[in-house]
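Heads up, the sequence shown is in this note's numbering, so the first residue is 917 and it goes up one at a time. Glycine included, each C-beta is placed from N, C-alpha and C at the ideal position.
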Amino acid sequence: MKLTILADNNTSIDKYYLGEPAFCVYVEAYGQKILFDTGYSDVFLQNAKKAGIDLSQAGYVVLSHGHNDHTGGLKYFKEIVKESKPFLVACPEAFKQRYDCDGEFGCPVSKQEIEKYFTPVYTKEPYFISSNIAFLGRIKRQNDFEAQSPVGFNKETKEPDFVPDDSALAINTQKGIVILTGCSHSGIVNICRYAQEIFQTERIHSIIGGLHLINAPKKQLELTFNYLKSLNLEALYPCHCTGFKAQCMLSSLKPFRECSSGLVINFDFAI
């Protein structure tokens, strides 16, 4: 299994890939080629070119949620795949209009455009790309310390937005589940527990992605830290929206790894 980080807030010395406050990963696993999120701009395309990746070969685009730092790249990607029309998998709410005090920050591509350039799969339920690769759909929110603060509001209803479309990609391997998450608005603990439920296995091998702990209260930081420690992960790559304070806490865990644009993560899993 090979994961290439095509967009992240962080960059690494001597690699010279572009960074932006966004997230995108190219996944090559078990015969599938999947673009997980698309960043904010065309940065992911430039980084893919530098890495020698032909994104026109992607059979799937999976969106963790509808915020523009994860969907903005669709504006640029749609022309690349207009002939192949790969599957695009997301929760149906991913394309609603979203606002905060700075204006709109939802997906810049309409559902009509999605249906023109992609083969859409809108689902609140888990969707299996293969027997061991699943888009989790709507995450069950089962605890009282995660997903407690809204992120902006719904333009139509004016109601606070708790990002119900937040999801993740889970890959079940013989050594445990590898979880890719965009922002974890639904909570990384909730995500892990739901992935365990879907695949009927307890072992979480690795977590890669944003944990949205940037302004998290002390209780959430402590409970999340203790939970991640209890998993005995092989690798933890917290990035994007995790936040400096949380990164510092998590860096004391043995599996902690730094993440950056251009990073290649190779896992040696037998099928």
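The stretch 1038 to 1054 and the stretch 934 to 947 touch, with three or more beta-carbon pairs separated by less than 8 angstroms. Listed in chain order, the alpha helix (DSSP H) runs fully inside the stretch 980 to 1062 are 984 to 987, 990 to 993 and 1027 to 1033, counting runs of at least 4 residues. Distance check between residue 1010 and each of 963, 1155, 1101 and 1086 places 1101 closest, using alpha-carbon atoms only.
Distance from the CA atom of residue 1053 to the CA atom of residue 1126, rounded to whole angstroms, is 17 angstroms. Around the Cβ of residue 1134, a 10 Å sphere holds fewer than 16 other Cβ atoms; the residue is exposed.
Look at the beta carbons and you see the stretch 932 to 944 touching the stretch 967 to 986: at least three pairs across the two are nearer than 8 angstroms.
Within the same chain, 959, 962, 963 and 1177 come within 7 angstroms of residue 934 by CB-CB distance, once the 5 residues on both sides are set aside.
Residue 1092 has 1089 as its beta-bridge partners, per DSSP. Cβ-Cβ distances below 8 angstroms link residue 1035 to 1001, 1002, 1003 and 1004 in the same chain, with the five nearest sequence neighbours on each side left out; the list follows chain order. The C-beta of residue 1073 has fewer than 16 other C-beta atoms within 10 Å across all chains shown, which makes the residue exposed. Three or more beta-carbon pairs separated by less than 8 angstroms are not found between the stretch 1149 to 1162 and the stretch 987 to 996, which leaves the two stretches without contact. In the DSSP assignment, residue 1084 forms a beta bridge with 1097. Rounded to whole angstroms, the separation of the alpha carbons of residue 1170 and residue 1026 is 43 angstroms. Under the three-state reduction of DSSP, residue 1079 is assigned to coil, being neither helix nor strand. In the three-state reduction of the DSSP assignment, residue 1169 falls in the coil class, being assigned neither a helical nor a strand state. Residue 1120 places its beta carbon less than 8 angstroms from that of residue 1092.
Residue ranges of uninterrupted beta strand (DSSP E) with 3 or more members, entirely inside the stretch 1130 to 1187 and ordered along the chain, are 1151 to 1155 and 1180 to 1182. Spanning the alpha carbons of residue 969 and residue 1183 requires a straight line of approximately 18 angstroms. Every beta strand (DSSP E) of 3 residues or more that sits fully in the stretch 919 to 965 is shown, in chain order, as 940 to 945 and 948 to 952.
When beta bridges are read from the DSSP output, residue 978 appears opposite 952 and 1005. The residues 920, in chain order, have a CB closer than 6 angstroms to that of residue 1180 in the same chain once the five nearest residues on each side in sequence are set aside.
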